[in-house]
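Chains A and B, in that order, give the protein sequences.
For what it's worth, full-length UniProt numbering labels the leading residue of the first sequence as 1, then goes sequentially.
For what it's worth, full-length UniProt numbering labels the leading residue of the second sequence as 1, then goes sequentially.
Below is one structure, written out as structure tokens; comments come after it.
Protein chains: 2
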Amino acid sequence: MPRKTDARARAIATAQRLFRIQGYTATGLTQIIAESGAPKGSFYFHFPRGKAQLAEEAIDHYVAARIAVLRSISANTAGDALNFVQEIFRAFAAEMVASDFQYGCLMQNLANELPALDAELTKRVARGFVDSTEIVAEHFRGCGFTPARASSTAAALVAALEGARTIARLERTPAIFEALAEVSVPRLCEPVSFPDAQLRI
Amino acid sequence: MPRKTDARARAIATAQRLFRIQGYTATGLTQIIAESGAPKGSFYFHFPRGKAQLAEEAIDHYVAARIAVLRSISANTAGDALNFVQEIFRAFAAEMVASDFQYGCLMQNLANELPALDAELTKRVARGFVDSTEIVAEHFRGCGFTPARASSTAAALVAALEGARTIARLERTPAIFEALAEVSVPRLCEPVSFPDAQLRI
DNA sequence: GCCATACTATGGCGATCACCATAGAAAGAG
DNA sequence: CTCTTTCTATGGTGATCGCCATAGTATGGC
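And the structure:
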């Protein structure tokens with residue numbers, strides 16, 4: 001028998017949004033149910049394992065969307081590491097501006113809250129990072145990087161992106177993304193021509 | 001009349017520790033009071049404004065300690081941007097290993113939880129980032145960087161550090177710090193000699 | 001001794017937490 | 001029609017949340 005309502009999907013979407021804005025612990029099921037417009041009584045029908053199951057599915061959705069974005073940027077900048085990195089910075093910055101810096105990264109929020117709370121969910125978040133980092137590494141390999149160098153560059157980029165989201169959210173400006181691009185991009189991909197080389201030690 | 005007990009200081013220290021491990025919302029006053037060994041009834045004597053005041057003082061302590069560490073590393077690597085950055089990575093990684101990756105960064109945890117909860121505390125965390133970034137920028141200026149370049153490099157470094165802590169905590173290994181150093185350090189400070197230049201596009 | 005201050009103890013406030021038991025409505029399948 | 005499955009509604013569980021009122025003890029200055 002097919003589904004009759006979209007209450008389930010709306011609950012997941014609302015959970016994802018609230019977890020990004022407020023965090024996991026600060027978001028009550030009551031609020032999720034109320035804001036999703038879903039009927040109150042049927043929550044444990046759709047999610048028998050409760051809040052943890054809801055978080056699981058929110059993570060899966062978020063990771064899938066993130067990977068899709070990275071794949072899309074990778075496809076549009078094939079073989080071009082510089083452009084790839086720049087486009088990623090631009091996309092992440094644009095998303096934060098669009099939400100007026102209200103949204104954090106779901107994976108980062110959960111990564112900070114879950115280790116002391118739920119080992120299973122924590123592992124799921126960790127897998128999400130590994131998977132999305134792999135997309136980035138794959139692109140770098142396609143640019144001629146050695147596998148080892150592609151992996152470490154990808155890991156560094158992902159870490160910098162997460163940190164940048166924290167800072168940008170606090171300062172309510174995408175300046176940190178520009179600073180990151182400024183600092184990392186020319187050095188990442190161009191072996192010569194340092195305009196300010198005379199300033200170095 | 002002078003203080004007679006250290007209940008106040010112990011409450012702040014315990015709050016800082018628990019906020020780093022579990023986050024702000026997930027940490028109840030009950031737990032802080034219990035684990036600090038402080039008497040339960042006198043909490044609102046020491047902190048009339050409640051949990052928010054406790055968080056304020058935890059932030060201040062944390063920021064002060066962080067700035068002290070950065071200043072110390074800066075003094076030990078004066079004029080040397082490469083060594084400065086390497087030592088920072090090393091110090092942050094070592095701290096995480098020492099705590100068996102249980103502790104997150106207090107400022108990052110609060111930065112993700114507080115914007116939707118307490119604007120005043122959020123501003124305080126933001127100020128903490130600005131202040132500690134300024135220490136890093138100052139060091140880079142002392143290495144001959146232009147002020148603009150010193151600032152953006154410092155901002156990028158701080159962002160990368162925060163992101164690295166998230167990743168390292170999830171993966172329970174300091175590998176991400178090594179990846180970051182590998183990727184950023186040689187390019188940050190050396191205008192010539194790229195051992196793998198032939199791999200670039 | 002006296003009293004103000006520093007601090008502790010107890011208990012409970014209303015609200016919210018995640019969770020669930022029970023019952024029933026709605027609708028396609030046979 | 002009946003039966004099964006999908007979904008909703010209501011109401012409440014015990015626990016914990018941050019907060020606070022009240023009362024009491026301890027210890028310094030004078």
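All C-beta atoms in this analysis are idealised placements derived from N, C-alpha and C, irrespective of residue type, glycine included.
Since this is a predicted model, take the numbers as computed values, not measurements.
What does the alpha-carbon distance come out to for the pair residue i and residue j?
i                     : j                     : result
residue 134 (chain A) : residue 148 (chain A) : 12 Å
residue 47 (chain A)  : residue 24 (chain B)  : 27 Å
residue 18 (chain B)  : residue 166 (chain A) : 20 Å
residue 138 (chain B) : residue 31 (chain A)  : 45 Å
residue 33 (chain A)  : residue 80 (chain A)  : 45 Å
residue 117 (chain B) : residue 130 (chain B) : 21 Å
residue 27 (chain B)  : residue 115 (chain B) : 17 Å
residue 74 (chain B)  : residue 132 (chain B) : 12 Å
residue 126 (chain A) : residue 106 (chain B) : 20 Å
residue 128 (chain B) : residue 151 (chain B) : 16 Å
residue 204 (chain B) : residue 59 (chain B)  : No statement about residue 204 (chain B) is possible, as the shown extent of chain B runs from 1 to 201 and does not include it.
residue 83 (chain A)  : residue 97 (chain B)  : 35 Å
residue 39 (chain B)  : residue 111 (chain A) : 33 Å
residue 261 (chain B) : residue 22 (chain B)  : The structure shown has nothing for residue 261 (chain B), since chain B only spans 1 to 201.
residue 6 (chain A)   : residue 37 (chain A)  : 10 Å
residue 122 (chain B) : residue 68 (chain A)  : 32 Å
residue 146 (chain B) : residue 124 (chain B) : 28 Å
residue 64 (chain B)  : residue 140 (chain B) : 20 Å
residue 16 (chain A)  : residue 42 (chain A)  : 19 Å
residue 72 (chain B)  : residue 72 (chain A)  : 44 Å
residue 172 (chain A) : residue 171 (chain B) : 29 Å
residue 113 (chain B) : residue 113 (chain A) : 9 Å
Kindly indicate which residue of the options has the alpha-carbon position closest to the one of residue i.
i                     : options                       : result
residue 14 (chain A)  : A:178, A:61, A:44 and A:86    : A:61
residue 35 (chain A)  : A:49, A:12 and A:175          : A:12
residue 49 (chain B)  : B:98, B:39, B:64 and B:29     : B:29
residue 205 (chain A) : A:152, A:143, A:163 and A:123 : For residue 205 (chain A) there is no data in the structure shown, the boundaries of chain A being 1 and 201.
residue 202 (chain A) : A:26, A:56 and A:96           : This structure gives no information on residue 202 (chain A), because the portion of chain A shown stretches from 1 to 201.
residue 66 (chain B)  : B:122, B:88, B:52 and B:43    : B:88
residue 153 (chain B) : A:171, A:176, A:153 and A:5   : A:176
residue 178 (chain A) : B:16, B:63, B:178 and B:157   : B:157
residue 76 (chain B)  : B:146, B:91 and B:16          : B:91
residue 174 (chain B) : B:72, B:95, B:64 and B:41     : B:95
Grouping DSSP H, G and I as helix and E and B as strand, with all else coil, what is residue i?
i                     : result
residue 122 (chain B) : helix
residue 114 (chain A) : coil
residue 104 (chain A) : coil
residue 142 (chain A) : coil
residue 131 (chain A) : helix
residue 47 (chain A)  : coil
residue 16 (chain B)  : helix
residue 60 (chain B)  : helix
residue 99 (chain B)  : coil
residue 38 (chain A)  : coil
residue 147 (chain A) : helix
residue 27 (chain B)  : coil
residue 202 (chain A) : Nothing can be reported for residue 202 (chain A), as the shown portion of chain A is limited to 1 through 201.
residue 172 (chain B) : coil
residue 153 (chain A) : helix
residue 183 (chain B) : helix
residue 137 (chain A) : helix
residue 166 (chain A) : helix
residue 8 (chain A)   : helix
Could you check whether residue j and residue i sit closer than 8 Å to each other, using their CB atoms as the reference points?
i                     : j                     : result
residue 103 (chain A) : residue 8 (chain A)   : no
residue 108 (chain A) : residue 181 (chain A) : no
residue 155 (chain A) : residue 159 (chain B) : no
residue 101 (chain B) : residue 169 (chain B) : yes
residue 78 (chain B)  : residue 144 (chain B) : no
residue 99 (chain B)  : residue 184 (chain A) : no
residue 136 (chain B) : residue 54 (chain B)  : no
Let me check you understand the geometry: is the CB of residue i closer than 7 Å to at least one non-hydrogen atom of the ligand GTP?
i                    : result
residue 81 (chain A) : This structure does not include the ligand GTP; it has no bound ligands of any sort.
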